[in-house]
Amino acid sequence: LGPYAGELREALLAYKERGRHGLARPLGALLAEVVAAAVGPARPVLLVPVPDTAAAARARYGDHLSRLARHAAARLSGVGWDVATARPLRALPRPDSVALDSAGRAVAAESAFRARGGRRRSAAGRVVVVLDDILTTGATLAAVSRTLHGTGMTPNVAAVLAATQKRQQW
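With our numbering, the residue at position 145 of the sequence shown is 149, and numbering never jumps.
Now the structure itself:
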């Protein structure tokens, strides 16, 4: 959608870190726009949010991306899309990525996700869209995509709300 700066950054921080859950609906609507732009006319769609760790979900009163995925799905469904959400993965404990550099993020993400046990929603015939809120290095999306491949799901596209700007080191 845009750079992780200004009002978008403030809204994401308020939602994720300050408990402003009322922002889930408008952020979900924005995420629906990103999904629509990324997918184009392809249908049906399966939205797969990057899962929170158990500790992050407790701190945020629930899995924040799953909440956004539900709002995005409702928005898309409301305009006629055949859309579903699925949570085929679980996140394992890992260090907070805020303090990690690119290499540290890649290492942390590599072993951060596992397939959930039990019955899974089928992705057959659906465009699989991985959802994340903030793209920093791409390590999380890459790790989630690899883990999804292991479950038999093939991610087709990723949709994110914001992307950080690469910092120059002089």
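Every residue, glycine too, gets a C-beta built ideally from N, C-alpha and C.
Distance between residue j and residue i (C-alpha atoms, nearest Å)
i    : j    : result
D105 : T140 : 10 angstroms
R130 : A119 : 19 angstroms
R71  : G32  : 8 angstroms
R124 : G156 : 10 angstroms
W174 : A107 : Low confidence applies here, because W174 scores a pLDDT of 47, under 50, leaving its location unreliable; read the following figure in that light. In a straight line, the C-alpha of W174 is about 18 angstroms away from that of A107.
A78  : A113 : 29 angstroms
G66  : H25  : 10 angstroms
Test item: CB-CB of residue i and residue j under 7 angstroms
i   : j    : result
L69 : V49  : no
L93 : T158 : no
L12 : A166 : yes
A95 : F117 : yes
A18 : L51  : no
D86 : R47  : yes
Nearest-angstrom beta carbon gap, residue j and residue i [assumed within contact, 8 angstroms]
i    : j   : result
I138 : L16 : 7 angstroms
K20  : R62 : So it is not a contact: roughly 13 angstroms between Cβ atoms.
A59  : P97 : 7 angstroms
V161 : V43 : 6 angstroms
Practice task
Kindly confirm or deny that the stretch 7-15 and the stretch 38-49 touch, where touching means at least three C-beta pairs closer than 8 angstroms.
Solution key: no
Handout entry: contact_flag[the stretch 145-164, the stretch 122-136] where n(CB pairs < 8 angstroms) is 3 or more
Key = Verdict: yes, contact present.
Handout entry: Runs of alpha helix (DSSP H) lying entirely within the stretch 43-130, each at least 4 residues, in chain order
Key = The stretch 43-130 contains these whole alpha helix (DSSP H) runs: 58-63, 68-82, 106-114.
Exercise for the section: Any chance you could list the beta strand (DSSP E) runs of at least 3 consecutive residues sitting entirely within the stretch 130-173, in chain order? Expected result: 131-139, 159-167
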